[in-house]
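Counted from 1, the sequence shown has number 13 at position 13 by UniProt numbering; the numbering is strictly sequential. The structure under discussion appears below in the form of structure tokens.
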Amino acid sequence: MSGDVAEREQCPERDPVGLFRAGHVVKMCAPMVRYSKLAFRTLVRRYGCDLCYTPMVVAADFVRSAKARDSEFTTNRGVWSTGTGLMGSS
């Protein structure tokens with residue numbers, strides 16, 4: 001190998017719920033504060049992660065601010081099976 005990341009076999013299922021029914025071992029990357037943004041999710045996918053999470057999203061900020069939406073919930077074509085956690089208050 002010449003320093004390139006070897007593509008790992010990923011579960012072919014792209015539906016998040018279907019991942020668990022497909023009969024494969026599901027590799028998940030738990031949400032991590034400040035480290036679950038798009039660049040990191042793209043990197044762990046290259047290493048075979050099947051299901052990733054965005055950073056925790058504060059619902060009030062998400063509704064009020066386009067900047068918050070763009071910052072915390074950025075995707076691209078290669079990102080699928082991504083979970084999002086919403087935090088709200090009563």
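Note that beta-carbon positions come from the ideal geometry of N, C-alpha and C, so glycine has one too. Owing to the predicted nature of the structure, the values given are computational and were not obtained by experimental measurement.
| Asked | Found |
| --- | --- |
| Classification of T54 by the beta-carbon crowding that lies within 10 angstroms, buried from 16 upward | buried |
| 6 Å CB neighbourhood of C29 in its chain, flanking five on each side removed | V44, C49, C52 |
| Paired residues, beta bridge with V57 - DSSP | L86 |
| C-alpha gap between A6 and A39, whole angstroms | At A6, the pLDDT of 45 sits below 50, so the modelled position is not reliable; the number obtained from the coordinates is stated separately. Taking the straight line joining both Cα atoms gives about 18 Å. |
| Cβ neighbours of G88 in the same chain (closer than 6 Å, five flanking residues each side left out) | A59 |
| Inter-residue spacing [alpha-carbon to alpha-carbon] between L19 and S81 | 9 Å |
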